[in-house]
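Using my numbering, the first residue of the sequence shown is number 5, and each one after it goes up by one.
Notes for the one structure printed next.
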Amino acid sequence: MTTEDSFNEKEAIATIIRWTKKGKTVPRPLKVARATDYLRNEYGSISEVANKTGISTETIREFTRINDLPDKVKELIEEGLVTGLDIPYRISNLKKDEEKIELANSVSEKNLTSDDVRSIVRVKDKRPDLSIQRCTSKVLESKPKKVNEIVSLLRKENLQKLKEYASSSEKTCEDIVSEILRDSTDITEIESVQINENGIIMLGLSEKNYKVLKSKGEELNVPKDHLVNEIIGKWLKENY
């Protein structure tokens with residue numbers, strides 16, 4: 005991978021200081037890494053670079069590791085698909101270039117966080133027999149799901165029809181509501197459904213499916229707390 009970056013001592017120091025003001029949320033990690041490498045060659049040690057720039061030795065060391073990443077990973081960093089300092093540094097701790105590339109691609113495709121990447125590298129270190137893909141799956145599967153709750157009140161006539169339909173279908177009202185929402189929207193999965201005797205529905209949705217339902221509300225111009233009632237009422241009118 006070629007680069008147009010060229011530095012003198014003053015420019016390299018200024019680059020490091022400028023782009024590390026916000027700690028590890030570094031917007032131009034490759035540029036800083038190149039400046040760091042330039043100064044390391046000039047001064048002969050990482051500790052001297054740290055002294056001259058006022059940046060910690062640990063942080064300077066992390067930047068130098070970015071320079072050793074495969075070109076394909078650097079391209080993802082340059083394109084902003086792999087961001088910050090911590091994620092590239094964690095990727096650099098993998099032993100094989102192909103593993104680094106695979107994990108960097110996963111970061112880009114799955115929007116992995118620093119914590120995700122740190123955990124994946126830790127799993128790989130403990131279980132070198134596992135592929136990066138499998139390590140990634142294990143980490144993501146172990147994460148607690150964020151559930152968004154939506155509360156909606158069914159109109160009395162819709163609640164009554166729902167109970168009648170559920171009884172005739174030998175299903176629960178909760179099952180019917182889940183089926184209606186999946187049939188009427190692009191929701192793929194509902195984490196939980198609870199309906200009390202007064203017709204109050206409490207839905208638990210993943211972030212993805214919550215956004216789907218929110219988008220449906222915007223499409224129909226119906227407020228979120230009335231949307232579920234509208235969808236169920238319309239479906240029952242057309243199908244029961």
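Just so you know, even glycine gets a beta-carbon here, dropped at the ideal spot from N, CA and C.
Status (buried if at least 16 other CB within 10 Å, exposed otherwise) for residue i
i, result
"residue 237", "buried"
"residue 213", "buried"
"residue 166", "buried"
"residue 57", "buried"
"residue 158", "buried"
"residue 190", "exposed"
"residue 162", "buried"
"residue 24", "buried"
"residue 44", "buried"
"residue 129", "exposed"
"residue 168", "exposed"
"residue 120", "buried"
"residue 136", "buried"
"residue 64", "buried"
"residue 62", "exposed"
"residue 66", "buried"
"residue 204", "exposed"
Cut-off 7 Å between Cβ atoms - residues of its own chain near residue i, not counting five sequence neighbours on either side
i, result
"residue 211", "150 and 152"
"residue 81", "33, 34 and 92"
"residue 255", "Here the chain covers residues 5 to 244 and nothing more, so residue 255 does not appear."
"residue 233", "156, 157, 158, 159 and 162"
"residue 193", "210 and 213"
"residue 16", "39, 42 and 43"
"residue 59", "20 and 24"
"residue 244", "165 and 169"
"residue 116", "110"
"residue 206", "153, 155 and 198"
"residue 226", "234"
Whole-angstrom C-beta distance between residue j and residue i, which should lie under 8 Å
i, j, result
"residue 93", "residue 69", "6 Å"
"residue 105", "residue 74", "6 Å"
"residue 224", "residue 156", "Contact doesn't hold; Cβ gap of about 14 Å is too wide."
"residue 221", "residue 215", "That pair is no contact at about 11 Å."
"residue 20", "residue 40", "6 Å"
"residue 18", "residue 71", "Actually they do not touch by this definition, with Cβ atoms about 19 Å apart."
"residue 239", "residue 188", "6 Å"
"residue 185", "residue 235", "6 Å"
"residue 127", "residue 142", "6 Å"
Same chain only: Cβ atoms within 6 Å of residue i, ignoring 5 sequence neighbours per side
i, result
"residue 196", "208"
"residue 95", "104, 107 and 108"
"residue 140", "110 and 124"
"residue 122", "94"
"residue 164", "none"
"residue 76", "105"
Chain-order list of residues whose beta-carbon lies under 8 Å from that of residue i (same chain, five-residue window excluded)
i, result
"residue 178", "197, 198 and 199"
"residue 47", "53 and 56"
"residue 134", "127, 128 and 142"
C-beta neighbour in chain B for residue i, strict 8 Å
i, result
"residue 240", "Among the chains in the structure shown there is no chain B, since it carries only a single protein chain."
(message) Whether or not the stretch 140-149 and the stretch 170-185 are in contact is what I'm after, with contact meaning three or more pairs of Cβ atoms, one per stretch, closer than 8 Å; do they touch?
(response) no
(request) Could you tell me whether the stretch 47-57 touches the stretch 83-96, where touching means 3 or more Cβ pairs closer than 8 Å? (result) With fewer than three CB-CB distances shorter than 8 Å, the stretch 47-57 does not count as touching the stretch 83-96.
(message) At 4 residues or longer, what runs of the alpha helix (DSSP H) sit wholly inside the stretch 166-215?
(response) 177-188
(request) Would you mind listing the alpha helix (DSSP H) stretches within the stretch 26-60 that are 4+ residues and don't spill past its ends, in chain order? (result) Within the stretch 26-60, the complete alpha helix (DSSP H) runs of at least 4 residues are 33-47 and 50-57.
(message) Could you tell me which whole alpha helix (DSSP H) segments of length 4 or greater appear in the stretch 64-142?
(response) 75-82, 90-96, 101-114 and 118-130
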